[in-house]
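Below is one structure; the comments refer to it alone.
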Ligand SMILES: *Cc1c(COP(=O)(O)O)cnc(C)c1O
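In the working numbering, the protein residues as written are 1066 to 1297.
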């Protein structure tokens, strides 16, 4: 039975996060999203046993498959809060009612599609604006200079509730680059808040960089490898 030590790792990570909050001085609360992608439903169970009720998947279908595998036979599964952390195709926006939070609102066209779903469901969809601080070609999201204009436009979309910002640092970035990216995400959250959005969340930090992210104010860290080991 793998994943037996997830609880131990979670406890250790929570201690490290508390230290990073103290060093950073932002006094924020930090939630861990346990990223279970590529692992089976037993990883979700291990997270739940560790008290990590927020679970992240980057593909809609994989998340739906795990939800289906767990529903019914596992009463505790109803407590799991599912986060969609990867790119969402517009034709899959209809599945957003299965998720607590969409982390990767990465284009105006997706925002329009999500808004339509929110209206249809009679309940706004909670989403984070993905900001591509480093301007990487290979990553989605809004470049910082576009955030202000989009923030104003998004105010018109009542089917959408923009509760913060998500970002990913470039792979292999050194510490000063990490801090520049995370500070840029924090600034983007300010822009959203000034435009009238209830933008409180900063989803940033993965296994390799979460402590720097927390020092820079992350309220959500998305952790896979440090909890469950390397993916195949
Ligand atoms: C896979 C993934 C993570 C987790 O990555 P680790 O380095 O394994 O912690 C976080 N965020 C996103 C968007 C991911 O796709």
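Where is the CB? At the ideal position from N, CA and C, for every residue including glycine.
- Do you know how far the Cα of residue 1240 is from the Cα of residue 1073? 27 angstroms
- Message: Bridge partners for residue 1130 per DSSP, in chain order?
- Response: Note: residue 1130 sits in no beta bridge, so no partner.
- Task: Identify whether residue 1210 lies in helix, strand or coil by the three-state DSSP scheme.
- Result: helix
- Using 8 angstroms as the threshold, is the stretch 1212–1220 in touch with the stretch 1151–1165, meaning 3 or more CB pairs across them? no
- Message: Quick check on the burial criterion: 16 or more other C-beta atoms within 10 angstroms. Buried or exposed for residue 1138?
- Response: exposed
- Message: Can you tell me where the beta strand (DSSP E) holding residue 1147 begins and where it ends?
- Response: 1146–1149
- Bounding residues of the beta strand (DSSP E) (the contiguous stretch that carries residue 1286): 1285–1288
- Task: Entirely within the stretch 1067–1136 and at least 3 residues each: give me those beta strand (DSSP E) ranges in chain order.
- Result: 1096–1100 and 1119–1122
- Message: For a quick check, are the C-beta atoms of residue 1071 and residue 1292 less than 8 angstroms apart?
- Response: yes
- Task: Consider the Cβ of residue 1206: report whether some Cβ of chain D lies at a distance smaller than 8 angstroms.
- Result: Reference to chain D is not applicable here, since this structure consists of a single protein chain.
- Item | Where the beta strand (DSSP E) containing residue 1138 begins and where it ends | Run containing residue 1138: none; DSSP gives neither H nor E here.
- beta-carbon residue 1102 near ligand 1 non-hydrogen atom, thresh 7 angstroms: yes
- Message: With distance defined between alpha-carbon atoms, name the residue in 1290, 1297, 1294 and 1285 nearest to residue 1119.
- Response: 1285
- At least 3 beta-carbon pairs within less than 8 angstroms: the stretch 1173–1184 vs the stretch 1229–1237: no
- Item | residue 1228 - containing alpha helix (DSSP H), residue span | Unbroken run through residue 1228 is the beta strand (DSSP E), 1225–1231; no alpha helix (DSSP H).
- Query: Among the residues of its own chain, which have a CB less than 8 angstroms from the CB of residue 1092, if the five just before and after it don't count?
  - Reply: 1086
- Query: Within the present structure, is the beta-carbon of residue 1150 separated from the nearest heavy atom of ligand 1 by less than 7 angstroms?
  - Reply: yes
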